[in-house]
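Each remark here refers to the structure printed beneath this line.
In our numbering, the protein residues as written are 100 to 765.
Printed below as a string of structure tokens:
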């Protein structure tokens with residue numbers, strides 16, 4: 100009898116032993132699923148996706164005594180992309196993960212207390228939880244590929260490839276990112292990043308209820324003022340917007356990890372993984388500059404960012420607090436100069452290339468022409484401004500604003516036209532200028548036609564003779580054919596293109612003088628370099644630059660479209676470079692991150708190709724002498740263009756040495 104009891108005891112112990120072993124994760128091979136009724140105990144890796152891209156496990160933030168259930172990249176530094184129990188951390192690593200018969204994933208502590216659980220999808224047949232290669236933790240029913248629950252619907256601070264941000268009526272979910280409290284504390288922080296649909300859909304970063312950043316409204320086929328959200332070789336953004344959904348997502352290039360993260364400081368950054376160097380390379384950051392700070396300039400004003408932010412009142416408005424405005428305190432914004440804007444002969448003035456105002460308090464009418472849109476706004480005295488949007492299905496829609504115009508900035512990419520309601524007094528100024536210009540033009544044409552023709556011919560001869568002056572002691576380049584085949588622009592054309600050389604069109608300034616952005620009547624964008632009055636070396640630089648660039652053609656040299664000499668005015672007209680100059684990126688802490696190492700290498704190679712052409716391959720041998728980052732311009736594809744040849748020297752064939760008495764740049 101005693102031997103039988105002993106044998107039974109040993110058998111019971113043996114069964115308990117193997118049952119206990121079954122509770123531990125298998126070490127021999129990675130598992131990516133948990134079936135209903137199974138318990139897995141672990142402190143690090145609990146599940147590993149089939150291709151070993153992602154891990155579900157328990158992690159301990161640096162310097163913290165708490166542990167969390169999260170998902171991270173397996174082969175990269177522990178970059179956490181999702182956290183389950185953000186509000187209820189573990190105090191030790193003795194945790195159990197299970198799936199019950201209703202398909203609920205449950206995290207238990209060592210005493211059996213529930214630390215976190217997923218929403219219950221309801222009773223189902225043989226539910227299974229699985230970690231996919233996308234980083235998505237899903238619950239499925241046996242024999243079905245439909246996700247009854249997925250972690251992608253409940254993001255933490257990171258948006259992965261294939262995840263969606265925004266709202267849809269089918270699920271009733273409004274997905275948004277919530278920052279960590281700090282770099283080492285995954286509990287919910289104070290910042291959120293979401294798509295807000297109170298008006299046209301737009302990305303918004305908030306700190307609590309306060310808006311910190313607004314990404315510009317969806318404008319039919321793109322987000323207004325956002326150069327970051329565009330197709331690249333690395334990733335392709337997508338936006339699904341209709342009556343039942345407003346969802347943003349993106350696809351990444353094959354075999355490339357891309358993530359978008361709202362960090363603990365309230366900045367949104369997009370990264371991609373550089374496998375060769377084992378580091379995350381930033382693609383962009385939002386906010387990107389001080390003009391991105393929501394409402395920096397107050398109501399009815401426009402922000403321009405060069406090296407610093409500058410605010411200007413919209414046309415027809417003036418500073419509400421002039422004294423504060425002079426001290427660069429712009430938050431009070433601007434007020435109308437003339438309030439007679441209701442059936443008093445008022446009209447509209449256009450502001451081009453701007454991020455459209457906050458779309459709260461807007462109205463959209465589809466399939467509306469520009470003229471009908473203007474008429475609709477004009478007939479409603481509460482309408483402050485209007486714009487035209489391209490519809491995804493084709494055609495145009497009319498957008499009108501009624502409450503206030505706030506958070507408007509000039510942008511280089513994806514800018515729109517905004518038409519602002521102004522009093523008749525503002526229109527009269529323009530009309531008077533136009534009448535004077537027409538009168539002068541007609542009078543000149545009728546009375547002085549012959550004189551004008553002679554004057555133009557004589558002026559061209561004087562320009563040519565002046566540019567090929569025999570005084571070449573300082574190495575200023577002369578034309579071998581004694582002529583310059585370069586278009587001469589009319590001063591009035593340039594003045595109209597640059598909006599009268601307005602401050603809002605000014606994009607930079609150098610030793611030569613200010614540079615303005617302009618747009619010709621044909622639609623071509625130009626950059627106009629205006630010789631500053633009293634510049635001692637400006638005239639010689641001007642001659643040098645026109646004579647030289649007119650004879651050089653290369654994809655890495657800036658293209659000179661023409662020039663203008665009008666009384667005391669001397670101007671050079673170039674092709675417009677959307678991304679400004681290289682120093683605009685290198686010397687800004689945020690924009691610098693947009694230049695990854697591959698992009699920097701491409702820029703260096705482009706500059707080298709331009710120099711090789713100047714030094715060896717062109718029919719003229721040119722030494723630039725003032726090569727610096729501010730003289731390297733970047734087009735919309737970030738192709739470098741060498742510019743500013745005012746101090747260049749031309750060497751003769753076989754010449755390698757020369758002398759100069761003049762101090763030059765580099």
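Ideal Cβ placement from N, Cα and C applies to all residues, glycine included.
Beta-carbon contacts of residue i that lie in its chain and below 7 Å, excluding the five residues immediately before and after
{"i": "residue 144", "result": "154, 156"}
{"i": "residue 335", "result": "349, 350"}
{"i": "residue 295", "result": "301, 303"}
{"i": "residue 423", "result": "431"}
{"i": "residue 162", "result": "283"}
{"i": "residue 121", "result": "Any reading at residue 121 must be qualified, since the residue scores a pLDDT of 41, below 50, and its modelled position is unreliable; the value itself is stated next. Closer than 7 Å at the Cβ level, and outside the excluded window around residue 121, lies no residue."}
Run of the alpha helix (DSSP H) containing residue i, from where it starts to where it stops
{"i": "residue 699", "result": "696-711"}
{"i": "residue 684", "result": "681-685"}
{"i": "residue 477", "result": "469-477"}
{"i": "residue 591", "result": "590-596"}
Whole-angstrom C-beta distance between residue j and residue i, which should lie under 8 Å
{"i": "residue 670", "j": "residue 662", "result": "6 Å"}
{"i": "residue 396", "j": "residue 432", "result": "7 Å"}
{"i": "residue 404", "j": "residue 389", "result": "6 Å"}
{"i": "residue 677", "j": "residue 517", "result": "The pair is not a contact, with the Cβ atoms about 19 Å apart (cut-off 8 Å)."}
Helix, strand or coil at residue i according to DSSP, with G and I counted as helix
{"i": "residue 422", "result": "helix"}
{"i": "residue 602", "result": "helix"}
{"i": "residue 151", "result": "coil"}
{"i": "residue 130", "result": "coil"}
{"i": "residue 180", "result": "strand"}
{"i": "residue 728", "result": "helix"}
{"i": "residue 205", "result": "strand"}
{"i": "residue 333", "result": "coil"}
{"i": "residue 411", "result": "strand"}
{"i": "residue 439", "result": "coil"}
{"i": "residue 125", "result": "Below a pLDDT of 50, predicted positions are generally treated as unreliable, and residue 125, at 40, falls in that range; no measurement from the model is reported."}
{"i": "residue 516", "result": "strand"}
{"i": "residue 452", "result": "strand"}
{"i": "residue 230", "result": "strand"}
{"i": "residue 614", "result": "strand"}
{"i": "residue 626", "result": "strand"}
{"i": "residue 465", "result": "strand"}
{"i": "residue 259", "result": "strand"}
{"i": "residue 690", "result": "helix"}
{"i": "residue 303", "result": "strand"}
{"i": "residue 264", "result": "strand"}
{"i": "residue 194", "result": "strand"}
{"i": "residue 216", "result": "strand"}
{"i": "residue 715", "result": "helix"}
{"i": "residue 272", "result": "coil"}
Close Cβ partners of residue i (< 8 Å) along its chain, the five nearest in sequence each way excluded
{"i": "residue 215", "result": "168, 183, 184, 187, 205, 206"}
{"i": "residue 194", "result": "140, 141, 142, 157, 166, 168, 206, 207, 208, 209, 214"}
{"i": "residue 714", "result": "720, 721, 722"}
{"i": "residue 136", "result": "197, 198, 199, 200"}
{"i": "residue 481", "result": "501"}
{"i": "residue 710", "result": "723, 726, 741"}
{"i": "residue 391", "result": "312, 385, 508"}
Neighbourhood of residue i by C-beta distance below 6 Å, restricted to the same chain and skipping five residues each side
{"i": "residue 488", "result": "318, 319, 496, 498"}
{"i": "residue 222", "result": "201"}
{"i": "residue 134", "result": "227"}
{"i": "residue 297", "result": "459"}
{"i": "residue 438", "result": "none"}
{"i": "residue 672", "result": "588, 625, 627, 660, 661"}
{"i": "residue 291", "result": "275, 277, 305"}
{"i": "residue 356", "result": "372"}
{"i": "residue 191", "result": "none"}
{"i": "residue 450", "result": "517"}
Boundaries (first-last residue) of the beta strand (DSSP E) holding residue i
{"i": "residue 309", "result": "309-316"}
{"i": "residue 489", "result": "484-489"}
{"i": "residue 500", "result": "495-500"}
{"i": "residue 281", "result": "276-281"}
{"i": "residue 290", "result": "284-295"}
{"i": "residue 251", "result": "Premise fails: residue 251 is in no beta strand (DSSP E) and is neither H nor E."}
{"i": "residue 171", "result": "167-172"}
{"i": "residue 665", "result": "659-665"}
{"i": "residue 236", "result": "236-239"}
{"i": "residue 749", "result": "748-750"}
{"i": "residue 670", "result": "668-674"}
Residue i CB to nearest heavy atom of the ligand FMN below 7 Å
{"i": "residue 439", "result": "Only the bare structure without any ligand can be found here, which leaves the ligand FMN out of the picture."}
Any beta strand (DSSP E) of 3 or more consecutive residues that is wholly inside the stretch 338-405
Complete beta strand (DSSP E) runs here, min 3: 344-351, 357-361, 367-373, 378-385, 400-404.
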